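Enquirer:
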Amino acid sequence: MSKTAKLEIDGKKYEFPLITGTENEVAIDIKNLRSGTEEVITLDPGFKNTGSCESAITFLDGEKGILRYRGYSIEELAEKADFLEVAYLLIFGELPTKEQNDKFHNDIKAEAVVDEDVKKILESFPKSAHPMGVIASLTSALTAFNPSSVNVESEEDMYKAIVKIMGKFPVLVAWTLRRRQGLPLNYGSDEIGYVENILKMMFEKPNHPYEQNKILVNALDKLLILHADHEQNCSTSTVRIVGSSHAGLFASLSAGISALWGPLHGGANQAVLEMLEAIKTDGGDTKKYMAKAKDKKDPFRLMGFGHRVYKNFDPRARIIKKAADEVLGDLGIEDPILDIAKGLEKEALEDQYFVDRKLYPNVDFYSGIIYRGMGIPTDMFTVMFALGRLPGWIAQWREMRLRKEPIGRPRQLYTGATLRPFVDIDKR
Ligand code: SDX
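Residue numbers for the sequence shown follow the working numbering, beginning at 774 and rising by one.
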């Protein structure tokens, strides 16, 4: 492989270095492109071909359907690790020893309390407010209650901010759900596991002790692991670019939550269930929805299908599809929606339009079926995605700040009006 990329513009030749990553991916280093040419830039809407950073956190191979966190395969992590171990791995780079894991959990528990005044903010929202809007606001509000901005040069400061948000975010998620259900806001218990406590805070009734169900604990733990990071996706890139202005961690995370909300991104898990419900109401007519998805005049897309990077099966979708069968089976739930999903998947995988465009089920296609089986309302699905993605966002934000990355500020190609004189209003 040559060490440089050669470019010729108007007869002038330029060379730019080629950089190779640890998985033999190759990038053209264009850091000096504009200064080294007559101010020529690249143009790449949606950054489909543009790397924004070097990162050591998550590796994806979209053609082979590979996903690894810090070198460990998603399949092994989903099978053998728990969510807190994976959070530690993503953020600090190594799987924790037992002592490190216990300390991490204890430090998180010590921070799993939220200022009572946050309840006033929560209660100011209409009960009909979408939970993603609520949780984005509450996350940003945490800055007001924890004003000291993170001094990233201090490992201790950084660690404190990390355990703070890892402790408080699940409380805000549970409170967001319970407020809409008119249930008292609680804290669960600091004597049980991280995921066990999320379920207890979400589902405990005021008049009956919450009984843990191992099936639900394992299902949620696995779902959170599968959502924990995914390199430079839309919301993670948002967290990084907001953090690159040296805005605080909580403010950057709040921006990431808002980006995740969109139906083309994390909001797809809610949109998938709404689509499957519509197909069910329509008598299971999947062909109608397949036709809509292929009709260029129709904005409808087959939600839960397609991916910017995966041009093969999303490895997470494979794991979640298997888990959906197991969880619903173990819970004794016969959900016709699961059958419709499988029917739609089969049809799409055999359809030329989808085959030609390499559109496969993604992480969002089956996850909502499990969340629903666990009794989580549909419009809370994307909040659950954010709960899983939290450690990934933290890890990526920390990496960006520790590497002292420059403020994110893309260029543009101007195609508007050239210079023209002002015209007084009575002459227009
Ligand atoms: C997530 O990036 C990440 O890593 C995200 C994520 C993560 O973990 O962070 O993996 C989570 O966001 C998963 C994606 C969830 N979104 C959906 O399920 C929404 C439905 N999917 C599509 O909107 C779409 O596939 C995207 C947004 C996911 C990807 O869009 P791209 O990469 O911009 O691809 P494109 O829009 O250029 O599509 C290429 C072609 C087009 O047809 P042509 O113009 O070539 O004829 O494929 C078609 C598209 O119309 N197409 C679809 C389709 N997705 C793409 N057609 C019908 N249904 C779809 N779902």
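Don't be surprised by glycine CBs; every beta carbon is placed ideally from N, CA and C.
Please read these numbers as outputs of a predicted model, since none were measured by experiment.
#1: Buried or exposed for S1027, please, with buried defined as at least 16 other CB atoms from any protein chain shown within 10 angstroms of its CB.
#2: Ordered along the chain, which non-local residues of its own chain (more than five positions away) have a Cβ less than 8 Å from that of R807?
#3: When the Cα of D1137 is compared with those of Q1125, D1124, E1118, N991, which residue comes out closest?
#4: Should S913 go down as buried or exposed, given a rule of 16 or more other Cβ atoms within 10 Å for buried?
#5: Hey, could you find the ends of the alpha helix (DSSP H) T916 is sitting in?
#6: Can you tell me whether F1078 sits near ligand 1, meaning its C-beta is under 7 Å from at least one heavy atom of the ligand?
#7: Shortest alpha-carbon distance to V1045 belongs to which of L816, F1078, L895?
#8: Do P1134 and E848 have their beta-carbon atoms positioned less than 8 Å apart in this structure?
#9: Which term fits Y1062, buried or exposed, when burial requires 16 or more other beta carbons within 10 angstroms of its beta carbon?
#10: Taking only heavy atoms of ligand 1 into account, decide whether any of them is closer than 7 Å to the Cβ of L1037.
#11: Of the choices Y932, G838, V907, L915, whose alpha-carbon is the least far from that of F865?
#12: Would you call F1154 buried or exposed, if buried means 16 or more other Cβ atoms sit within 10 Å of its Cβ?
#13: Drop a sphere of 10 angstroms on the beta-carbon of V907, count the other beta-carbons inside from all chains shown, and report buried for 16 or more, exposed for fewer.
#14: Per DSSP, what are the beta-bridge partners of D834 in this structure?
#15: Between which two residues does the beta strand (DSSP E) holding A854 run?
#16: Considering Cα atoms alone, identify which of I1113, D1112, W1166, A1090 is closest to L1132.
#17: Per DSSP, what are the beta-bridge partners of P1134 in this structure?
#18: Would you report the Cα separation of I965 and A1097, rounded to the nearest angstrom?
#19: Just confirm the distance between the C-beta atoms of G824 and D1002, as a whole number of angstroms; I'd bet it's less than 8 Å.
#20: Which ranges does the beta strand (DSSP E) cover as unbroken runs of at least 3 residues, wholly within the stretch 964 to 990, from first to last along the chain?
#21: Can we count L840 as close to ligand 1, meaning its CB is less than 7 Å from some heavy atom?
#22: Helix or strand or just coil, what does DSSP make of T1151?
#23: Can you name the residues that DSSP bridges to S846?
#24: In the DSSP assignment, the alpha helix (DSSP H) including K893 goes from what residue to what residue?
#25: Alpha carbon to alpha carbon, how far is I935 from V1196?
#26: For R1162, does the count of other Cβ atoms within 10 angstroms reach 16, so buried, or fall short, so exposed?
#27: Should E977 go down as buried or exposed, given a rule of 16 or more other Cβ atoms within 10 Å for buried?
#28: Less than 8 Å separating the beta-carbons of A860 and M939?
#29: Would you decide whether H720 is buried or exposed? Buried here means 16 or more other CB atoms lie within 10 Å of its CB.
#30: Taking its Cβ as the centre, do 16 or more other Cβ atoms sit within 10 Å of Y1126, making it buried, or is it exposed?
#31: Quick check: I1149 and I1093, are their CB atoms within less than 8 Å of each other?
#32: State buried or exposed for Y1187, treating a residue as buried only when at least 16 other CB atoms are found within 10 Å of its CB.
#33: Can you check which of these residues, P957, L996, A851, R843, is closest to H981 by C-alpha distance?
#34: In chain order, what residues of the same chain lie with their CB nearer than 6 Å to the CB of L751, ignoring the 5 residues before and after it?
#35: List the endpoints of the continuous alpha helix (DSSP H) containing P790.
Expert: Taking the coordinates as given:
#1: For this step, residue 1027 is matched to residue 254 along the sequence shown. It counts as buried.
#2: Within the sequence shown, the letter at position 34 stands for residue 807. Result list for R807: V813, I814, R1184, in chain order.
#3: As a position in the sequence shown, residue 1137 is number 364, starting the count at 1. Among Q1125, D1124, E1118, N991, the Cα nearest to that of D1137 belongs to E1118.
#4: Here the question's residue 913 lines up with position 140 in the sequence shown. With 16 or more Cβ atoms within 10 Å of its Cβ, S913 is classed as buried.
#5: Position 143 of the sequence shown, counted from the first residue, corresponds to residue 916. 904 to 918 is the extent of the alpha helix (DSSP H) around T916.
#6: By one-based count along the sequence shown, residue 1078 stands at place 305. Within the cutoff, so yes.
#7: Counting from one through the sequence shown, the residue named residue 1045 turns up at place 272. Of L816, F1078, L895, the residue nearest in Cα terms is F1078.
#8: Numbered from its first residue, the sequence shown carries residue 848 at position 75. Numbered from its first residue, the sequence shown carries residue 1134 at position 361. Cβ distance not < 8 Å, so E848 and P1134 don't count as in contact.
#9: For the purposes of this step, residue 1062 is identified with residue 289 of the sequence shown, where counting begins at 1. Burial call: buried.
#10: As a position in the sequence shown, residue 1037 is number 264, starting the count at 1. Correct: L1037 has its Cβ closer than 7 Å to ligand 1.
#11: Here residue 865 corresponds to residue number 92 of the sequence shown, with the count starting at 1. Out of Y932, G838, V907, L915, Y932 has the C-alpha closest to the C-alpha of F865.
#12: Residue mapping note: residue 1154 aligns to position 381 of the sequence shown, counting from 1. By the 10 Å Cβ count, F1154 comes out buried.
#13: Stepping through the sequence shown from its first residue, residue 907 is reached at position 134. The residue is buried, with at least 16 neighbouring Cβ atoms inside 10 Å.
#14: Here residue 834 refers to the residue found at position 61 of the sequence shown. Answer is I839.
#15: For the purposes of this step, residue 854 is taken as the residue at position 81 of the sequence shown. Where A854 is concerned, there is no enclosing beta strand (DSSP E), given that its DSSP letter is neither H nor E.
#16: Counted from its first residue, the sequence shown places residue 1132 at position 359. Closest option to L1132, Cα to Cα, is A1090.
#17: As a position in the sequence shown, residue 1134 is number 361, starting the count at 1. Beta-bridge pairing links P1134 to F1078.
#18: Here residue 965 corresponds to residue number 192 of the sequence shown, with the count starting at 1. Here residue 1097 corresponds to residue number 324 of the sequence shown, with the count starting at 1. Each residue's Cα considered, the two are about 25 Å apart.
#19: Here residue 824 refers to the residue found at position 51 when the sequence shown is read from its first residue. Here residue 1002 refers to the residue found at position 229 when the sequence shown is read from its first residue. Not really, about 17 Å apart at Cβ, beyond 8 Å.
#20: none
#21: Position 67 of the sequence shown, counting from 1, holds the residue named residue 840. No; taking the cut-off as 7 Å, the Cβ of L840 has no heavy atom of ligand 1 nearer than that.
#22: To locate residue 1151, count along the sequence shown from 1; it is residue 378. Reduced to three states, the DSSP call for T1151 is helix.
#23: The residue you call residue 846 lines up with position 73 of the sequence shown. For S846, which the question treats as bridged, DSSP gives the partners R841.
#24: Position 120 of the sequence shown, counting from 1, holds the residue named residue 893. Looking at the DSSP string, the run of the alpha helix (DSSP H) that includes K893 is 890 to 896.
#25: By 1-based counting over the sequence shown, the position of residue 935 is 162. By 1-based counting over the sequence shown, the position of residue 1196 is 423. Between I935 and V1196, the C-alpha separation is close to 55 Å.
#26: Numbered from its first residue, the sequence shown carries residue 1162 at position 389. So R1162 ends up on the buried side.
#27: The sequence position of residue 977 within the sequence shown is 204, counting from 1. It counts as buried.
#28: Taking the sequence shown and counting its residues from 1, the one referred to as residue 860 is at position 87. Taking the sequence shown and counting its residues from 1, the one referred to as residue 939 is at position 166. Contact: yes.
#29: Only positions 774 to 1201 of the chain appear in this structure, which leaves residue 720 out of reach.
#30: Position 353 of the sequence shown holds residue 1126. Classification for Y1126: exposed.
#31: For the purposes of this step, residue 1149 is taken as the residue at position 376 of the sequence shown. For the purposes of this step, residue 1093 is taken as the residue at position 320 of the sequence shown. Contact flag unset, no.
#32: Numbered from its first residue, the sequence shown carries residue 1187 at position 414. By the 10 Å Cβ count, Y1187 comes out exposed.
#33: Your numbering for residue 981 matches position 208 in the sequence shown. Nearest option by C-alpha distance: P957.
#34: A question about residue 751 goes unanswered here, because the residues of the chain that appear run from 774 up to 1201.
#35: Along the sequence shown, one-based indexing puts residue 790 at 17. Where P790 is concerned, there is no enclosing alpha helix (DSSP H), although the beta strand (DSSP E) it sits in stretches over 785 to 793.
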